Amino acid sequence: MSTEFHTELQTAVEKRRNFAIISHPDAGKTTLTEKLLLYGGAIHEAGAVKARASQRKVTSDWMEMEQQRGISITSTVLQFEYRDRQINLLDTPGHQDFSEDTYRTLAAADNAVMLEDAAKGLEPQTRKLFEVCRMRQIPIFTFFNKLDRPSRTPLELLDEIEQELGLQTYAVNWPIGMGDYFKGVFDRRTQKIHLFERTEHGKKAAKDTAISLGDPRIEELLDKDLYYQLKEDLEVLEGVGPEFDLELIHQGKMTPVFFGSAMTNFGVQLFLDAFLEYALKPGERKSSAGSLKPSYPEFTGFVFKLQANMDPKHRDRVAFVRVCTGKFEKDMTVNHARTGKNVRLSRPQKLFAQDRDVVDVAYPGDVIGLNNPGVFAIGDTIYTGQKVEYEGIPCFSPELFAYLRNPNPSKFKQFHKGVSELREEGAVQIMYSADEAKRDPILAAVGQLQFEVVQFRLLNEYNVETHIEMLPYSVARWVLGGWEALEKVGRLFNSVTVKDNWGRPVLLFKNEWNLQQIQSDHPDLKLSAIAPLGS
Ligand code: GDP
């Protein structure tokens, strides 16, 4: 490798930070995203992203939604520059869009931002996504939003994270008051108080006034009681709170915590500045050829998401690839590890807002969208140079199950071809009853939309009309140790056993409670919410 190329790669990696936001619907992800873009100068007036998102929410017909949505297709990655860094924000679809893609996106993220509504604290979708981050051991930044409204106390919120997620917290800033009495935050990095000013719905970057703790105007500016409360809180934090530890943050064991109000822009810049300082740059990744550094000179990457365009007039599919090492260049020819074929990457696209730009080059930490004429599947590696294969992306615990029926026997072949191709592509998980007499595939998904996509595509691409029969289960667990382990425990009540696509046993439960019962009755039975990798 020429030293010039080496420097080019190093510089690109140093510059990049990539992250995904994990949150529960309504915590303010769209609002925060928009404000981050505002600070990044990618948009000049907030409102554009939001308008489309709310349009989407009121549309009940998902097909229409798909055509209009723009947002989840086009914002798969938002790229913006801030303080000489290039930030890649990976979209994690929520709401009705919640699907396995939401989990898979975290496989491509180097950092996560856990966004919580400060009035609500931890919510279900956030917890699930957190588990995936924990598995990957990536840094997690916490942002408590909506401090301009009545909230839970900051100490309570931190305690919840510590107790329930087992994650140490370090408050980087601390709120002063809340709701109508929200006065701002104390930044422990600079030891300054940043005063909150209500802007007109935060359309422009907020004016930031910072004063020091010793400022004589402080009691008057803050309100005496709030000032004393702050002093007391800070004493508690300094006294019993853990010390700042960047190492632990990078290992995903400690979360730096921020408070603010995305809607009014408050705290967004403080967050962004600290994020840039603490976040991990693109790092090494395990592969079949050992751990590869981003400066490895050959291009490598893996597919983490596939997007099928639902509009029959434009039946293109896009495969989203996370660049892991080397440099991507338009028109390059790469090897496809799973099939051993050569693929020319002729129409790469970087997707930003509504415009699809063609990307000419991309570096580690970037995401590119490739036109995918059915070549790529989730988890596929592409590479130049010697053969490299990254660890696959596991299947995540489905929560919705349904028999998929083909009422027309003459369509038997198309039906099975379609089901197997859609499974391979990662559109849905397929399971089968352990009872050989029941041959219909069971669709297993994390979001309702996945079923609709499967049915729609079977009809449009394979010309097969199908019926769905929902099954009354909501929890799935893979049995570690396989059929042998399962036989040892004997008959299990309140669960059914099915096989995944590789014939491995999976237990389905009606609810968490039934799962817990079995776990307490059979402590030796080891169950996993995430499928073991490999077949
Ligand atoms: P998402 O579902 O997580 O993308 O959430 P949105 O960004 O769509 O926000 C949900 C609702 O919360 C919207 O009505 C926002 O205007 C509101 N919201 C977002 N951030 C704040 C905030 O900081 N303060 C207040 N009061 N409302 C907010």
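The sequence shown runs contiguously to residue 535 in UniProt numbering. Positions of the beta carbon are idealized from the N, C-alpha and C atoms, including for glycine. All values derive from a computational prediction rather than experimental measurement.
Is the distance from the Cβ of L122 to the Cβ of T33 below 8 Å?
no
I need the DSSP call for E197, collapsed to helix, strand or coil.
Under the three-state reduction of DSSP output, E197 falls in the coil class, being neither helix nor strand.
What number of angstroms, rounded off, separates the C-alpha of K417 from the C-alpha of F509?
29 Å
Start and end of the beta strand (DSSP E) containing A308?
300-308
DSSP on T264, reduced to helix/strand/coil?
coil
Touching or not, the segment 316-336 and the segment 380-400, by the rule of three or more beta carbon pairs under 8 Å?
yes
Given that a residue counts as buried once 16 or more other Cβ atoms are within 10 Å of its Cβ, and exposed if not, what is W478?
buried
Since I believe E425 is in contact with L533 (beta carbons under 8 Å), could you give me their beta-carbon distance rounded to a whole number of angstroms?
Rounded to the nearest angstrom, the Cβ distance from L533 to E425 is 18 Å, too far for a contact under 8 Å.
What separation, rounded to the nearest whole angstrom, lies between the Cα atoms of P175 and E298?
47 Å
Residues in its own chain within less than 8 Å of L280 by CB, not counting five upstream and five downstream?
Sequence-distant Cβ neighbours of L280 in its own chain, meaning closer than 8 Å and more than five residues away, are R17, D110, N111, I138, P139, H250.
Among the residues of its own chain, which have a CB less than 6 Å from the CB of Q125, if the five just before and after it don't count?
H24
So is N463 buried or exposed if we call it buried at 16+ other beta carbons inside 10 Å?
exposed
Which whole-angstrom value describes the C-beta separation of K341 and M431, a residue pair presumed to lie in contact below a C-beta threshold of 8 Å?
With 8 Å as the limit, K341 and M431 do not qualify as a contact, their Cβ atoms being about 30 Å apart.
With a threshold of 16 other CB atoms inside 10 Å of the CB of V506, please say whether the residue is buried or exposed.
buried
Inter-residue spacing [alpha-carbon to alpha-carbon] between residue 537 and P373
Lying before the first or after the last residue shown, residue 537 is absent from the chain, which here runs from 1 to 535.
Just to confirm the assignment, what range does the beta strand (DSSP E) spanning M135 have?
No beta strand (DSSP E) contains M135, which is instead part of the alpha helix (DSSP H) from 124-136.
Cα separation between G252 and H467?
43 Å
Take A262 as the anchor and find which of F143, L400, L345, I518 has the nearest alpha-carbon.
F143
Nearest candidate by alpha-carbon position, reference V419, set E436, E484, I442:
I442
Distance, Cα to Cα, E469 vs Q516?
27 Å
With which residues is P409 paired in a DSSP beta bridge?
DSSP lists no partner for P409.
P373: CB within 7 Å of a non-hydrogen atom of the ligand GDP:
No, the ligand GDP has no heavy atom inside 7 Å of this Cβ.
Let me know the secondary structure DSSP gives R149 once reduced to three states.
In the three-state reduction of the DSSP assignment, R149 falls in the coil class.
So, D180 versus D117, is the Cβ gap smaller than 8 Å?
no
For my contact list, P394 and I530 are in at a C-beta cut-off of 8 Å; report their separation, rounded to the angstrom.
Confirmed, Cβ separation roughly 5 Å.
Any heavy atom of the ligand GDP inside 7 Å of the beta-carbon of K29?
yes
Do F304 and F328 come within 8 Å of each other at the CB atom, strictly closer than that value?
no
V172 and V257 closer than 8 Å at C-beta
yes
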